[in-house]
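Asker:
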Ligand SMILES: Nc1ncnc2c1ncn2[C@@H]1O[C@H](COP(=O)(O)OP(=O)(O)OP(=O)(O)O)[C@@H](O)[C@H]1O
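What follows is the structure, given as structure tokens:
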């Protein structure tokens, strides 16, 4: 059976085009992540799927059913928000039971479904507490539980973890992945956090300026970014870009002075992208002056300068060189990404 199909969605608020022809297919049972910077239209897209807004043009279908004109309640879709949106006067049981009571389900069924969701999320001990007595992580679990009890055909997650601290976010990521495996329900998950996207998404759609820039698996999107935006958005520290020229199978850059063999690219001006973590200090033709060594946990980020060009590389945490030193880097092991007019050409 087909999952979620978004076809050429357009949405503007006044003169502002927020979605400009978005198409995306999420297979039945798949966890898809919509990744993009703040303001790129992610929440708007989810609201269209949930039925909280109507598109100006384009269509949305779920399980083969066109959702146009269907009220949110009739869509069989559950949404989890960043803000939890719990009812403060109801206890956890009441919050979890709420959608089922609204649907006038029998008492025993409500008890069973709430019990199952609470077990899945490890919040059985909290059923009698009010949201005000819970931590952020516990509240988010309740919000997710409230979505689960309805056994919807589709889950929509709108940055559900962004109010949590980094450690809890990491734990909840794993729990959400496990929950998806357990439930097998189609999920569309929106985030601006690349780590979340790369670890959770079976398929990732990168959204920028209201358009899908690339759709692919996490590895594909990281290793073969389709354009400069995707290349620069994913990865930390961000990819280095060097402007130069492709000629006779070589990329040649004046500053920093660099010559690399490249295959399959037509001659002409081009921008070379190299990931900092693939640039290792050692004997090599790429030279730069260290401006700053940033110690980030298990590694050092080296900020380098060659003439007017700035770039970064990574090194082990105990890397000894100090700011001011001239160092050499070996780009031979790095995967070259070539762009022309911002599009990948190799
Ligand atoms: N109801 C509305 N009326 C007018 N403008 C809106 C409305 N909803 C969203 N926008 C505008 O649409 C753009 C995209 O907003 P949206 O919330 O979809 O982005 P986002 O990618 O989810 O961003 P964030 O991660 O910051 O939430 C923004 O410029 C926003 O101001």
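Residue numbers (UniProt numbering): 1 to 346. Positions of the beta carbon are idealized from the N, C-alpha and C atoms, including for glycine.
Runs of 3 residues minimum, wholly inside the segment 213–296: which ones carry the beta strand (DSSP E) assignment?
Answerer: 240–247, 250–253, 258–261, 268–274, 280–296
Asker: If we count Cβ pairs, one from each stretch, closer than 8 Å, do we get three or more for the segment 90–110 versus the segment 132–147?
Answerer: yes
Asker: On the criterion of 16 or more Cβ atoms from any shown chain inside 10 Å, does residue 158 qualify as buried, or is it exposed?
Answerer: buried
Asker: Checking 8 Å against the spacing of the C-beta atoms, do residue 82 and residue 162 come in under that value?
Answerer: yes
Asker: Residue 206 and residue 214 look like a contact to me (Cβ under 8 Å); what is the Cβ gap, rounded to whole Å?
Answerer: 5 Å
Asker: For a minimum of 3 consecutive residues, which ranges assigned as the beta strand (DSSP E) are wholly contained in the segment 6–41?
Answerer: 16–26, 31–35
Asker: Under the rule that 16 or more other beta-carbon atoms within 10 Å means buried, what is residue 189, buried or exposed?
Answerer: buried
Asker: Which class does residue 185 belong to by DSSP, given the choice of helix, strand or coil?
Answerer: coil
Asker: Name the residue from 49, 71, 225, 124 whose alpha carbon lies nearest to the alpha carbon of residue 339.
Answerer: 225
Asker: So, for residue 80: in the same chain, excluding its five sequence neighbours on each side, which residues have a beta-carbon less than 6 Å away from its beta-carbon?
Answerer: 143, 144, 147, 157, 160
Asker: Whose CA, out of 273, 150, 259, 283, lies closest to the CA of residue 104?
Answerer: 150
Asker: What is the rounded straight-line gap between the Cα of residue 196 and the Cα of residue 230?
Answerer: 16 Å
Asker: Under the rule that 16 or more other beta-carbon atoms within 10 Å means buried, what is residue 356, buried or exposed?
Answerer: What the structure shows of the chain is the stretch from 1 to 346, and residue 356 is not part of that stretch, so it cannot be assessed.
Asker: Measuring from the CB of residue 253, is there a heavy atom of ligand 1 at a distance below 7 Å?
Answerer: no
Asker: My parser needs the beta strand (DSSP E) runs of 3 or more residues fully inside the segment 104–128; what are they?
Answerer: none
Asker: Is the beta carbon of residue 153 less than 8 Å from the beta carbon of residue 62?
Answerer: yes
Asker: Out of 260, 39, 55, state which residue places its alpha-carbon closest to the alpha-carbon of residue 21.
Answerer: 55
Asker: Going by the DSSP bridge assignment, what does residue 300 pair with across the sheet?
Answerer: DSSP lists 295, 315 as partners of residue 300.
Asker: Looking at residue 114 and residue 125, is the spacing between their C-beta atoms short of 8 Å?
Answerer: no
Asker: Within the continuous beta strand (DSSP E) that includes residue 348, where are the two ends?
Answerer: No answer is possible for residue 348: the residues shown for the chain start at 1 and end at 346.
Asker: How far does the alpha helix (DSSP H) with residue 198 in it extend, from its first residue to its last?
Answerer: 194–200
Asker: Residue 249 to residue 336, Cα distance in whole Å?
Answerer: 13 Å
Asker: May I have all residues whose beta carbon comes closer than 5 Å to any heavy atom of ligand 1, sorted in chain order?
Answerer: Look at which beta carbons fall closer than 5 Å to any heavy atom of ligand 1; those residues are 13, 18, 38, 39, 40, 41, 42, 43, 44.
Asker: Using three-state DSSP, classify residue 335 as helix, strand or coil.
Answerer: coil
Asker: Output needed for residue 346: all residues of its chain with C-beta closer than 8 Å, excluding positions within five of it in sequence on either side, in chain order.
Answerer: 262, 263, 264, 265, 336, 337, 338
Asker: Which residue wins for smallest C-alpha separation from residue 17, given the options 34, 39, 6, 26?
Answerer: 39
Asker: Give every residue of the same chain whose Cβ lies closer than 6 Å to the Cβ of residue 239, excluding the five residues on either side of it in the sequence, and list them in chain order.
Answerer: Excluding sequence neighbours, residue 239 sits near 231, 232, 273, 275.
Asker: Excluding the 5 residues flanking residue 200 on each side, which residues of the same chain have their C-beta closer than 7 Å to its C-beta?
Answerer: 31, 33, 173, 176, 177, 189
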